[in-house]
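So the structure is just underneath, and the comments pick up after that.
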Amino acid sequence: MRRLLPPVALLLIAFGVLQVASAPPAMAHPLGNFTVNRYSGIEVSGGAVAIRYVLDMAEIPAFQERSAIDTDGDEILSAAERGFWADREARLILSGLGLSVDDRPVDLSLACREMGLRPGQGGLSTLRMEAVYTGRLPAGRVRYVDANDPDRLGWREVTVRAFENASVSDSSVPSTSTSRELLRYPDDLLQSPLDVREATFSFAEGRTSGRPAPEPCGGEAALAEAPTAGGFAALVTWKLTPAVLLFSLLVAFLFGALHALGPGHGKTIMAAYLVGAGARLRHAVSVGIAVSLMHTASVLGLGLIALFASRLFPAEAVYPWLGLLTGAVVLGLGSFLLAGRLRARRAEGGARSDGPQSHPHPHPHPQPSDDAVETGDAAGGPISRRGLTALAVSGGLLPSPTALVVLLGAVALHRVAYGLSLVLAFSGGLAVALIIVGTLAVRARSFLSRRARSGLAPWLPVASAGVIVVAGTFLIIRATLQLG
21 MRRLLPPVAL
31 LLIAFGVLQV
41 ASAPPAMAHP
51 LGNFTVNRYS
61 GIEVSGGAVA
71 IRYVLDMAEI
81 PAFQERSAID
91 TDGDEILSAA
101 ERGFWADREA
111 RLILSGLGLS
121 VDDRPVDLSL
131 ACREMGLRPG
141 QGGLSTLRME
151 AVYTGRLPAG
161 RVRYVDANDP
171 DRLGWREVTV
181 RAFENASVSD
191 SSVPSTSTSR
201 ELLRYPDDLL
211 QSPLDVREAT
221 FSFAEGRTSG
231 RPAPEPCGGE
241 AALAEAPTAG
251 GFAALVTWKL
261 TPAVLLFSLL
271 VAFLFGALHA
281 LGPGHGKTIM
291 AAYLVGAGAR
301 LRHAVSVGIA
311 VSLMHTASVL
321 GLGLIALFAS
331 RLFPAEAVYP
341 WLGLLTGAVV
351 LGLGSFLLAG
361 RLRARRAEGG
371 ARSDGPQSHP
381 HPHPHPQPSD
391 DAVETGDAAG
401 GPISRRGLTA
411 LAVSGGLLPS
421 PTALVVLLGA
431 VALHRVAYGL
441 SLVLAFSGGL
451 AVALIIVGTL
461 AVRARSFLSR
471 RARSGLAPWL
481 PVASAGVIVV
491 AGTFLIIRAT
501 LQLG
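The following block contains the structure:
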């Protein structure tokens, strides 16, 4: 096993460099493939207002919306079906908009709407709808509110612009769109997207000679195809031959290994547990396999929810709850370990204070087995079934969104068996990478035990339990913030 580690590590590094160097520019959505993003562009001119509203759905919510668009169930989204859906959605959006001047409501009406589908990751499409709402706008202090889907995850942006015979002052929002009206999201804001749902400004009619007001409707350019990302999700669209199938599974395996080496999947928790439990190589293997199995089950479970229960449980709404459950399990494990290991340390200290016993020891004392399974980990002994389950949850309960895209893309392309094979290969790579990390943790414990001063080495189990408690607390706080 040790002889294999350097070649595998070098292969992973080379593969990662190749992917970074050859990756095409991507039309990334903020926070990944789950988001539903909204933009409101308020345009005022000469006593009139036009609100250009854009709805941008990433791959997974767009996939879930297909059943609502495809009213005849033939899996083809005809122009009539798309028009009917866009008209209904535009009117539903209008009911969630509020515009007032000096606290007096302004009546808005739907001027036009358009929707289009663009190729996304994994053979899935993204959905973009544009609508324009118009009305009369008297001078005064204006307030705009977008109350549509307040709990859904996504980018929210509002801008205000003045055109001919109008002036805007004291605006709470900018005049230009940071995301180019949801066409290009800034890279530095992908993980912390804008969340602007309302705007206030003062409006007055004037005699300026500024730009003429744009036509209320039109603008097909916004529906043009955007560049799409390659990577793991692109594998599901490959044209298959026996050789391509084997190669795609190898690539999926390598993507899984690289994914495991990125943030997440409980590597810190796993390493802390293995170090504190005095685990051996076989325990690292068990943990890697357990996390991989949990990850596969999570992808399949969330895929079933996306296919059959998306109206009740939107995929992006499930993720924070899974994060909260993960944090609770990790915090519970860490607290259990910390309490047990502190008791063990106090017991050791008490035994030493009694001094050495005088009777001879011709008989051997029983030693703890490497296969202890229920109580050993609380005192810093070998890994338990309870600990193994907790590690599997911490590392695998939150599935990779890209793996979910691959599974749903395979369903959409009627390549379910191939999609499942890619997900399994991806999880296999994840398992191998975690086994390598676990092996390094086991070796690190042996090194630390030999090099640390005698007074510090016995505290390794306690310190590792403390790390797990901190990690669990962090996961709970993050999930709570996501739940709002």
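Plus 20 on top of the position in the sequence shown (first one is 1) and you've got our numbering.
Glycine included, each C-beta is placed from N, C-alpha and C at the ideal position.
Asked, Found
"C-beta atoms of Ile80 and Ala335 nearer than 7 Å", "yes"
"Run of the beta strand (DSSP E) containing Arg108, from where it starts to where it stops", "No beta strand (DSSP E) contains Arg108, which is instead part of the alpha helix (DSSP H) from Ala99 to Ser115."
"Which residues DSSP lists as bridging Thr146, in chain order", "Arg138"
"With 16 other Cβ atoms within 10 Å as the buried cut-off, status of Ser420", "buried"
"Through-space distance from Arg108 to Asn168, alpha-carbon basis", "14 Å"
"Reference Val349; option with closest CA among Gly323, Leu320, Leu411 and His303", "Leu411"
"Boundaries of the beta strand (DSSP E) in which Thr91 is found, first to last residue", "It is not in any beta strand (DSSP E) - Thr91 carries neither H nor E in the DSSP assignment."
"Three CB pairs or more closer than 8 Å across the stretch 212 to 220 and the stretch 95 to 104", "no"
"Close-in-space but distant-in-sequence residues of the same chain around Thr91 (CB under 6 Å, 5 per side omitted)", "Glu101"
"Residue burial classification, Lys287 (beta-carbon count within 10 angstroms, cutoff 16)", "buried"
"Between the CA atoms of Ser268 and Phe446 - distance to the nearest angstrom", "10 Å"
"Close-in-space but distant-in-sequence residues of the same chain around Ala499 (CB under 7 Å, 5 per side omitted)", "Pro340, Gly343, Leu344 and Gly347"
"Close-in-space but distant-in-sequence residues of the same chain around Ala326 (CB under 8 Å, 5 per side omitted)", "Ile80, Phe83, Gln84, Ala335, Leu424 and Leu428"
"Pick from Gly439, Ala310 and Phe183 that is closest to Leu417, judged by C-alpha positions", "Ala310"
"Opening and closing residue of the beta strand (DSSP E) in which Ala536 lies", "Beyond the ends of the chain as shown, which are 21 and 504, falls residue 536; an answer cannot be given."
"Cβ-based burial, Phe54 [other Cβ within 10 Å; buried from 16]", "buried"
"Selection from Leu265, Arg86, Pro206 and Arg176 that minimises the alpha carbon distance to Gly439", "Leu265"
"Of the listed residues Leu202, Ala272, Ala186 and Pro481, nearest to Tyr73 (C-alpha basis)", "Leu202"
"Burial state of Thr146, where buried means 16 or more other Cβ atoms lie within 10 Å", "buried"
"Of the listed residues Gly155, Pro158, Met135 and Val452, nearest to Met149 (C-alpha basis)", "Met135"
"Pair within 7 Å by beta-carbon distance, Ser312 and Ala182", "no"
"Which of helix, strand or coil DSSP assigns to Tyr438", "helix"
"Of the listed residues Gly61, Ser120 and Ala151, nearest to Ser130 (C-alpha basis)", "Per the sequence presented here, residue 130 reads as Leu, with Ser not at that position. Leu130 has its Cα closest to that of Ala151, out of Gly61, Ser120 and Ala151."
"The stretch 55 to 69 contacting the stretch 157 to 168, beta-carbon criterion three pairs below 8 Å", "yes"
"Exposure of His434, with buried meaning 16 or more beta-carbon neighbours within 10 Å", "exposed"
"Rounded separation between Gly396 and Ser404 - CA only", "Residue placement at Gly396 is poorly supported in this model, since its pLDDT is 48, which falls under 50; the coordinates still yield a value, given next. Cα to Cα, Gly396 sits roughly 7 Å from Ser404."
"Among Trp105, Ala432 and Val271, the one whose alpha carbon lies nearest that of Gly449", "Val271"
"Coarse secondary structure for Leu501, derived from DSSP in three states", "helix"
"Separation of Thr154 from Ser187, as counted between CA atoms", "18 Å"
"Nearest-angstrom Cα separation, counted from Leu260 out to Gly407", "41 Å"
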